[in-house]
Structure formats: structure tokens, C-alpha cells
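I have placed the structure first, in the form of C-alpha cells, so that the comments after it can refer back to it.
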Amino acid sequence: MPSPRNYSASPRKLPCSSDTEQYYTPPRKRFRDFEDDDLSSPASSQASFRSSPRKRQRKDTPKRETKEINLEEILRKCAKEPTSRLVLQRIKELPRDEHSPQALVEELVASAMAAVKSRWNPSKGKMLETELYLGWLKELGYVGYAIESALAAKVPGTRKRLSGFGRASFTILYHMMEEFISQVNLYHDRWSLPPSEADPLIMTLAEETKDSTADERSEEASRSAEKALRSFDTVMADAARRYKAECGRNNPGLAAKISAMEAALAKSCCLLSEQTGYGSEESDVADTLLEEVRGVMKAWKAEYEDCEDQLIDSDDEPLA
Numbered sequence: 001m002p003s004p005r006n007y008s009a010s011p012r013k014l015p016c017s018s019d020t021e022q023y024y025t026p027p028r029k030r031f032r033d034f035e036d037d038d039l040s041s042p043a044s045s046q047a048s049f050r051s052s053p054r055k056r057q058r059k060d061t062p063k064r065e066t067k068e069i070n071l072e073e074i075l076r077k078c079a080k081e082p083t084s085r086l087v088l089q090r091i092k093e094l095p096r097d098e099h100s101p102q103a104l105v106e107e108l109v110a111s112a113m114a115a116v117k118s119r120w121n122p123s124k125g126k127m128l129e130t131e132l133y134l135g136w137l138k139e140l141g142y143v144g145y146a147i148e149s150a151l152a153a154k155v156p157g158t159r160k161r162l163s164g165f166g167r168a169s170f171t172i173l174y175h176m177m178e179e180f181i182s183q184v185n186l187y188h189d190r191w192s193l194p195p196s197e198a199d200p201l202i203m204t205l206a207e208e209t210k211d212s213t214a215d216e217r218s219e220e221a222s223r224s225a226e227k228a229l230r231s232f233d234t235v236m237a238d239a240a241r242r243y244k245a246e247c248g249r250n251n252p253g254l255a256a257k258i259s260a261m262e263a264a265l266a267k268s269c270c271l272l273s274e275q276t277g278y279g280s281e282e283s284d285v286a287d288t289l290l291e292e293v294r295g296v297m298k299a300w301k302a303e304y305e306d307c308e309d310q311l312i313d314s315d316d317e318p319l320a
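Letter 54 of the sequence shown, counting from 1, is numbered 54 in the UniProt record's numbering, and no numbers are missing.
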């Protein structure tokens, strides 16, 4: 007779019974592309599930087109409306690469040169070279005023200055000075051209020797040009200080770049002095031209050089 089996009081539950299954919540899809509903391939739907929603959003979002910048128009508006937040914001949008700002400033200087010639009255006779260069600086005066206004702009209702203008302001003024000096050098070399290619609005050397007022006019134009350069120097120095305060902290790479720019600017000032006589009365090497901004740039680099020297000296000291 078979032995009786011991049965528990509770009924037996099957291993696959729903009563024994653990509660399971399927993973919820965090991002859903409506195009996936039309895809019948399981591989494609699985790939779309694995893709990060943040990455998919970046791929689907079209890139913003860079705005075309008319630097002359922006700066002239800033000179007329120094408190316009929209205009000030456009100055901040100056491209950060090395070539675009230089190209924009070259267009700005070329426009100023063309304006000086178009406004000259032929009935007054021909211009001297020094008078032409002075005309360029005067025409570019709005640039200095616009940058000065941008650096002095304040948050509405407060005494706090708006930040973010150091890089753009210094970059514009630096390239403007370099381009101005470059154009002076190119124009000065026109003496070697044949008479047929000479500028009809500018006196030749032979004509200057016959004009009794040429020396006096040249000296007056030189003094006025030096005064204009000092005004640009002051604004440019302020822009360099702001640039250092906003971007120069713990940035030795930028300090090295500023040092190279200062060396290039010093050479340009010497060239300008040789071509025009600016600053030659007090110094043969033209140390008086743009000396304030060059001093700020030298001090900027010197701070990092002192730190490097201290680190080198500390490495040489024996350990205690």
C-alpha cells in the first residue's frame, strides 16, 4: 500500500503563477521621437531607445548662423547712442578668432581713408601727407569715443559697469592702430612710384619745396596728429586694463600673447615716427607714442614673468 503523502494546509502554487512573480515596472522612455512610431524595424527602434535624448536634441537643433557685422555702423551708433543696450551688445559679439576682427577693422580704416579724400575741397589746393594722416585720425575719432562710451556703460539704475567689453574694445583699437600705421607706411612708399601714378590730391616733394606755407602746415598737422594719438592711447590703455581684469587672471597664455602684441606695436610706433616725425622731438625711438597702453601691456606680462622667476628660484632652493 503506498505511503500517504504529507500535504500542507495551504494549496500548492505553481512556479509560473502570477502570484509568485515579482512586481516589475518596465523602464520608461525618457525621450520619444515621433518618427520612431513609423519605424517597423526593431533594430532601429532599439537604437533610438539607446540614444541619449540630450544628444538627439543637439543633432536635431540647427546651428545658428553667425550674424554679419558692420563694425563701422555699430561703432557710429554707439557714439551717437552710448546707452543703447542693443548696440552695446553688438560690440560684445565681435568674433573671437584672430582674422575676422582684423578684416573688420581694415574695412573700417579703408572707409575712413575714402571719406577724407571725398570731403577734401580741391579749391583749397593740395594736401600735405601729414595733413592726410591727420585727416585719417580725425575721421576715426568716433571709434575712440564709441569704445570709451562702451567701457563707461553701467547697469541701468546702478553704478556698476557693464562687463564683457575688455576683449572687444582692446582688439578693435589695437588692430585699428596697426592698420593705420600700415597704411601710413604704404602711402609713404608712393614716392617711389612714377608721376603718372601719383595721388593728384597730395603735394609732391617738388611742390612742397615751392610752397612757403608747407613747413608751418606740416608742423601744425603733426602736433594735432600727436594729440589725437594721445587720446587714442588713453582709451586703449583703459581697454587693456579692462581686458586684463576680465580675462587675464590666471591666464599666462594670454599674457604671452599680449607681450608679443606689445613688441609688434613698439616696432610699428618706431616706423610711424620715422615716416612722419611723430614723437621724434623728445625721443628718437618714439617711446612717447602710445606709451601708456604699451606700459600697461608690459606690466601685464611682467606679473607672470615675476611669478615664473619665483617658481624657478624656489626649485633651486634645497629642501629642509
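Quick reminder that beta carbons are idealized off the backbone N, C-alpha and C, glycines included.
**Message:** Let me check one thing: in DSSP terms, what residues is Arg161 bridge-paired to?
**Reply:** Beta-bridge pairing links Arg161 to Lys154.
**Item:** Simplified DSSP state of Met203, which is helix, strand or coil
**Value:** coil
**Message:** Using 8 Å as the cut-off, can you tell me whether the region 288–307 makes contact with the region 257–277, which would need three or more C-beta pairs spanning the two stretches below that distance?
**Reply:** yes
**Item:** Endpoints, alpha helix (DSSP H) assigned at Thr130
**Value:** Looking at the DSSP string, the run of the alpha helix (DSSP H) that includes Thr130 is Glu129 to Glu139.
**Asked** Going by the CB atoms, is the gap between Ala239 and Ser169 shorter than 8 Å?
**Response** yes
**Asked** Can Leu151 and Ala225 be called in contact, C-beta distance under 8 Å?
**Response** no
**Asked** Cα separation between Gly144 and Ser222?
**Response** One alpha carbon belongs to Gly144, the other to Ser222, and they sit about 19 Å apart.
**Asked** With C-beta atoms as the reference, is Met297 less than 8 Å away from Glu262?
**Response** yes
**Request:** Please go through the same chain and pick out, in chain order, the residues whose beta-carbon is closer than 6 Å to the beta-carbon of Arg230, but skip the five residues on each side of it.
**Result:** There are no such residues.
**Request:** For Ser273, count neighbouring Cβ atoms within 10 angstroms of its own Cβ and tell me buried if that reaches 16, exposed if not.
**Result:** buried
**Request:** Give the range of the alpha helix (DSSP H) segment to which Glu72 is assigned.
**Result:** Leu71 to Lys80
**Message:** Is Ala302 close to chain B? Criterion is C-beta to C-beta, closer than 8 Å.
**Reply:** Absent from the structure: chain B. Only one protein chain is present.
**Bounding residues of the alpha helix (DSSP H) (the contiguous stretch that carries Ser222)** = It spans Ala214 to Cys247 - the alpha helix (DSSP H) in which Ser222 sits, taken as one unbroken run.
**Message:** Here's the rule I'm using: 16 or more other beta-carbon atoms within 10 Å means buried, otherwise exposed. How should Pro101 be labelled?
**Reply:** buried
**Message:** Here's the rule: buried if 16 or more other CB atoms are within 10 angstroms of the residue's CB, otherwise exposed. What is Val109?
**Reply:** buried
**Message:** Taking the beta carbon of Val155 as the centre, do at least 16 other beta carbons fall within 10 Å, making it buried, or is it exposed?
**Reply:** Its Cβ having fewer than 16 others within 10 Å, Val155 is exposed.
**Prompt:** Who are the Cβ neighbours of Ala146 in its own chain at under 6 Å, not counting the five residues just before and after it?
**Reply:** Leu75, Cys78 and Ala79
**Asked** How is the alpha helix (DSSP H) around Glu107 delimited, first residue to last?
**Response** His99 to Arg119
**Leu265, DSSP secondary structure in three states** = helix
**Request:** Taking 8 Å as the cut-off, decide whether the C-beta atoms of Val116 and Leu128 are in contact.
**Result:** no
**Request:** Can you give me the Cβ contacts of Met177 inside the same chain, cut-off strictly under 8 Å, excluding the 5 residues immediately before and after it?
**Result:** Phe232, Met236, Leu265, Ser268 and Leu290
**Message:** Pop quiz: Arg190 and Tyr243 are said to be a contact at Cβ under 8 Å. What is the actual Cβ separation, rounded to whole angstroms?
**Reply:** That pair is no contact at about 36 Å.
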